[in-house]
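Taken in sequence, the protein lines are chains A and B.
Per the working numbering, the very first residue in the first sequence carries number 185; after that it's consecutive.
Per the working numbering, the very first residue in the second sequence carries number 185; after that it's consecutive.
Heads up, the beta-carbon is just placed ideally off N, CA and C, and yes, glycines get one too.
Quantities reported herein were computed from a predicted structural model and do not represent experimental measurements.
Protein chains: 2
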Amino acid sequence: MTDSVVRELEISRLSTRETDFEARLESLLCWEGVSSSEVQQRVDEIIEAVKTRGDTALVEYSNRFDRLSASSMEELTLGAERLRKAFDGLPEDQRNALAAAAERIRAYHQHQRPESWRYTEADGSVLGQQVTPLDRAGIYVPGGKAAYPSSVLMNAIPAHVAGVREIVMVVPTPDGVLNELVLAAAHLAGVDHVFTIGGAQAVAALAYGTETVPRVDKIVGPGNIYVATAKRAVFGQVGIDMIAGPSEILVVSDGGTNPEWLAMDLFSQAEHDEDAQAILVGWDAEHLAAVESAMARLLPTMEREAIIRVSLKARGATILCADREEAVALINRIAPEHLELSIEEPESLLPDIRHAGAIFMGRYTAEALGDYCAGPNHVLPTSGTARFSSPLGVYDFQKRSSIIHCSPDGASQLGRTAAVLARGESLTAHARSAEYRIKD
Amino acid sequence: MTDSVVRELEISRLSTRETDFEARLESLLCWEGVSSSEVQQRVDEIIEAVKTRGDTALVEYSNRFDRLSASSMEELTLGAERLRKAFDGLPEDQRNALAAAAERIRAYHQHQRPESWRYTEADGSVLGQQVTPLDRAGIYVPGGKAAYPSSVLMNAIPAHVAGVREIVMVVPTPDGVLNELVLAAAHLAGVDHVFTIGGAQAVAALAYGTETVPRVDKIVGPGNIYVATAKRAVFGQVGIDMIAGPSEILVVSDGGTNPEWLAMDLFSQAEHDEDAQAILVGWDAEHLAAVESAMARLLPTMEREAIIRVSLKARGATILCADREEAVALINRIAPEHLELSIEEPESLLPDIRHAGAIFMGRYTAEALGDYCAGPNHVLPTSGTARFSSPLGVYDFQKRSSIIHCSPDGASQLGRTAAVLARGESLTAHARSAEYRIKD
Numbered sequence: 185m186t187d188s189v190v191r192e193l194e195i196s197r198l199s200t201r202e203t204d205f206e207a208r209l210e211s212l213l214c215w216e217g218v219s220s221s222e223v224q225q226r227v228d229e230i231i232e233a234v235k236t237r238g239d240t241a242l243v244e245y246s247n248r249f250d251r252l253s254a255s256s257m258e259e260l261t262l263g264a265e266r267l268r269k270a271f272d273g274l275p276e277d278q279r280n281a282l283a284a285a286a287e288r289i290r291a292y293h294q295h296q297r298p299e300s301w302r303y304t305e306a307d308g309s310v311l312g313q314q315v316t317p318l319d320r321a322g323i324y325v326p327g328g329k330a331a332y333p334s335s336v337l338m339n340a341i342p343a344h345v346a347g348v349r350e351i352v353m354v355v356p357t358p359d360g361v362l363n364e365l366v367l368a369a370a371h372l373a374g375v376d377h378v379f380t381i382g383g384a385q386a387v388a389a390l391a392y393g394t395e396t397v398p399r400v401d402k403i404v405g406p407g408n409i410y411v412a413t414a415k416r417a418v419f420g421q422v423g424i425d426m427i428a429g430p431s432e433i434l435v436v437s438d439g440g441t442n443p444e445w446l447a448m449d450l451f452s453q454a455e456h457d458e459d460a461q462a463i464l465v466g467w468d469a470e471h472l473a474a475v476e477s478a479m480a481r482l483l484p485t486m487e488r489e490a491i492i493r494v495s496l497k498a499r500g501a502t503i504l505c506a507d508r509e510e511a512v513a514l515i516n517r518i519a520p521e522h523l524e525l526s527i528e529e530p531e532s533l534l535p536d537i538r539h540a541g542a543i544f545m546g547r548y549t550a551e552a553l554g555d556y557c558a559g560p561n562h563v564l565p566t567s568g569t570a571r572f573s574s575p576l577g578v579y580d581f582q583k584r585s586s587i588i589h590c591s592p593d594g595a596s597q598l599g600r601t602a603a604v605l606a607r608g609e610s611l612t613a614h615a616r617s618a619e620y621r622i623k624d
Numbered sequence: 185m186t187d188s189v190v191r192e193l194e195i196s197r198l199s200t201r202e203t204d205f206e207a208r209l210e211s212l213l214c215w216e217g218v219s220s221s222e223v224q225q226r227v228d229e230i231i232e233a234v235k236t237r238g239d240t241a242l243v244e245y246s247n248r249f250d251r252l253s254a255s256s257m258e259e260l261t262l263g264a265e266r267l268r269k270a271f272d273g274l275p276e277d278q279r280n281a282l283a284a285a286a287e288r289i290r291a292y293h294q295h296q297r298p299e300s301w302r303y304t305e306a307d308g309s310v311l312g313q314q315v316t317p318l319d320r321a322g323i324y325v326p327g328g329k330a331a332y333p334s335s336v337l338m339n340a341i342p343a344h345v346a347g348v349r350e351i352v353m354v355v356p357t358p359d360g361v362l363n364e365l366v367l368a369a370a371h372l373a374g375v376d377h378v379f380t381i382g383g384a385q386a387v388a389a390l391a392y393g394t395e396t397v398p399r400v401d402k403i404v405g406p407g408n409i410y411v412a413t414a415k416r417a418v419f420g421q422v423g424i425d426m427i428a429g430p431s432e433i434l435v436v437s438d439g440g441t442n443p444e445w446l447a448m449d450l451f452s453q454a455e456h457d458e459d460a461q462a463i464l465v466g467w468d469a470e471h472l473a474a475v476e477s478a479m480a481r482l483l484p485t486m487e488r489e490a491i492i493r494v495s496l497k498a499r500g501a502t503i504l505c506a507d508r509e510e511a512v513a514l515i516n517r518i519a520p521e522h523l524e525l526s527i528e529e530p531e532s533l534l535p536d537i538r539h540a541g542a543i544f545m546g547r548y549t550a551e552a553l554g555d556y557c558a559g560p561n562h563v564l565p566t567s568g569t570a571r572f573s574s575p576l577g578v579y580d581f582q583k584r585s586s587i588i589h590c591s592p593d594g595a596s597q598l599g600r601t602a603a604v605l606a607r608g609e610s611l612t613a614h615a616r617s618a619e620y621r622i623k624d
């Protein structure tokens, strides 16, 4: 498949010293996953069909889009027993690795459980917040080439740790192909049922429920443009996670890490798909050149050479900056999904880093470790959204209720304040409701 | 304005015993704030115009929609000094009430600050999560009849407590009318600048930035259908809060609360607007009738009688149920924005309540107290979205970064697991990146 002639490595080279640096950086980072109005319209139709015709529409779409010949949703449903069987049937090394990963992911996420809290005021009034899990979560897992068991663990385990009562997974099976690793991961992660459906129709089914698919409270997990468009459309009816853009990494190197290690770290990002983005930042020009050489040398040995080559050419870059301070400014400007600090004393940089999905510290923490088994979640904010969002976590599967219990004295005191403000807003029923509780 | 003849109170009466109860409840709760494709298209045009023409477009739209004659954004900008002046100019009782409310809201939200955490494993690897505030938040405040200073406090104070560096507020001024209470609240809440712009154009300006309006990381605050549609469109480019539906309350009474108090509590919800929803649930039929009588008696004395009457007729209800257990089931089915537990020993019900935005406990805790000054946020999940979302809080203005710092031993151990899983996913660059860190 790949060209047998070793070709030059094509990757953008930027320097913060160049006058057009800001413009070049902007164009490098630019990404808008816009749905065409055609996609939008098809998705709206699919959602409407599933909403009104339920299972019948689901089966029709699955047969059409995934080239199946199912006659009912029963044929597109897998129970807990089937998932366990998939796990038991794995080769031993995969079974152990998957179990070890699940165990570490679970342990890490246990630390994220927010606590209910309350406090009592001098007049006896109680204020607080009660934390409760969602009743039901839906996990979308892509089928086909991007069917990743690690994704199942990362999406479902936080829901399980949160105490979600029922975890439903959907995964399309194009041409009927089931991925046993994906099912095994579902077993380990505490998934209750699997429906082998996908696309906008699966999102609609989870959002509104059908005869067979239960309505969920939140839908998480990555998908193609149809899935993303459907998630945006049902947002509000159910909760959704962030709509993910292509995956990216920013590696900052001080020049002390083996160039081959860094080359492979960049490749591990670039191999995801042609839109993935791998950027190396450093202040040692010779070292950047050494990493480029290592990339050129190693690239022909990669199984996914073709994808890596396209991704590096289209969206990859090496950026030469003046020093550590400039590197920090670049980090906060880019707000990367993955940040690898391949430097001496990475801790010293940490307080200055304001925006990053996950921070991989030191020369040994390859980003790939975080993708699978270090423990933290690999579902991370992409395309600069680390400015305002967080890794997927237990907190995404819980919600809070405010608690207010006024004592008679507290209600009397608060009533006076509330009444003044309510009258200032011309809401007199509010005022009178508060005033009933004022003591004379 | 209001009819001087005392009319019958029109409100739906439901009973869980009726065979069509579930269908009637469903239709009572049904609410879909769907944007027409016409609204969608106008919003898309406005966003595109602001994105490409910046301030010029902003000024044009503001002049057109708010009937202004501004010649530049400078005329639509208010600095900190103007906000302080608004606060200083208030009548003393309003100034004191606003300051007291701000103080209590701040105190409550201080309890919500999540902490960064980390732990060290036996092999020296460190895992954790670092919590940081957003750089910049945008607060949307509706103008005209729904200009509520309490909304400013509730949206901006959590951002301020979170440590957001810059808080920008937008508020339209139809016909140039400024609300001094709103500006005073902005002063108290720590708002840095105010732009007197609104609608989809204000949302677009906050999402993409213009020459004058800085791009923010998250937009919060309620608005009309254009604002809601624009927020949905820019979601992903910036963070947004939930898209709010009409406000609602579910009052559960055991029969021991003064019917007039309950009538006024229901009115305080219904007076918001014609779509607001006030529902009373109880197992004492005589008591429900007594509350209805109180409503009929008090309604003609209300300043916002007309709105209350329409809202109660269209969306209000009393629901007779069998007992406390059925009431709890109804609460969880409805997942109300506001839940008033006007019962003896409300604490005993709390563990069974799975979904509610805010819970007002006991006979003294009027919901109106929570709207203004009890402390908890009044921005709450509506239309059943308490199933999966939370009150606005400090956590909405912060985000987390995962921290992973593997020791050489840790990286070696994890590398073996990661390599097996990566090869299982055919991602060999991932595997080789991990394998470089395995010790021989």
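Where residue i meets chain B, residues with beta-carbon distance less than 9 Å
| i | result |
| --- | --- |
| T394/A | None at all; the shortest Cβ gap to chain B is about 17 Å. |
| M338/A | Within chain B, no residue comes near M338/A; the closest Cβ sits about 11 Å away, beyond 9 Å. |
| I492/A | A613 |
| V422/A | T569, R571 and F572 |
| Q385/A | By Cβ distance, chain B contributes nothing, its closest Cβ being about 20 Å from Q385/A, past 9 Å. |
CB contact flag (residue i, residue j, <8 Å)
| i | j | result |
| --- | --- | --- |
| S452/A | S617/B | yes |
| D250/A | P358/A | yes |
| F419/B | K402/A | no |
| I543/A | S591/B | no |
| T316/B | A506/B | no |
| V436/B | I515/B | yes |
| L504/B | G466/B | yes |
| D555/B | V404/B | no |
| E521/B | A460/B | no |
| L605/A | L282/B | yes |
| M545/B | I381/A | no |
| V355/B | V345/B | no |
Contacts that residue i makes with chain A (C-beta to C-beta distance below 9 Å)
| i | result |
| --- | --- |
| P333/B | L605, G608 and E609 |
| W301/B | H295 and Q296 |
| Q711/B | Residue coverage of chain B in this structure runs from 185 to 624, which leaves residue 711/B outside it and unanswerable. |
| A281/B | R600, T601, A602, A603, V604, L605 and G608 |
Within chain A, partners of residue i - CB distance below 8 Å
| i | result |
| --- | --- |
| M448/B | A613, R616, S617 and Y620 |
| C557/B | L598, T601, A602 and L605 |
As assigned by DSSP and simplified to three states, the class of residue i
| i | result |
| --- | --- |
| P342/A | helix |
| S253/B | coil |
| W301/A | strand |
| V243/B | helix |
| R621/B | coil |
| T441/B | coil |
| F572/A | coil |
| G423/A | strand |
| I403/A | strand |
| L213/A | helix |
| L262/A | strand |
Beta-bridge partners of residue i, as assigned by DSSP
| i | result |
| --- | --- |
| V435/A | L464/A and E524/A |
| S196/A | A501/A |
| F544/A | E524/A and I588/B |
| M353/A | I323/A and V378/A |
| P317/A | Q582/A |
| V310/A | T304/A and H589/A |
Within 8 Å of chain B by C-beta, residues of the segment 543 to 554 of chain A in sequence order: Answer set for the segment 543 to 554 of chain A: I543, F544, M545, G546, Y548, T549, A550, E551, A552, L553 and G554.
Near-chain B residues of the segment 394 to 409 of chain A (beta-carbon distance less than 7 Å), N- to C-terminal order: Listed by position along the chain: D401 and K402.
Chain-ordered residues of the segment 257 to 269 of chain A with a beta carbon less than 9 Å from chain B: Here the close residues number zero.
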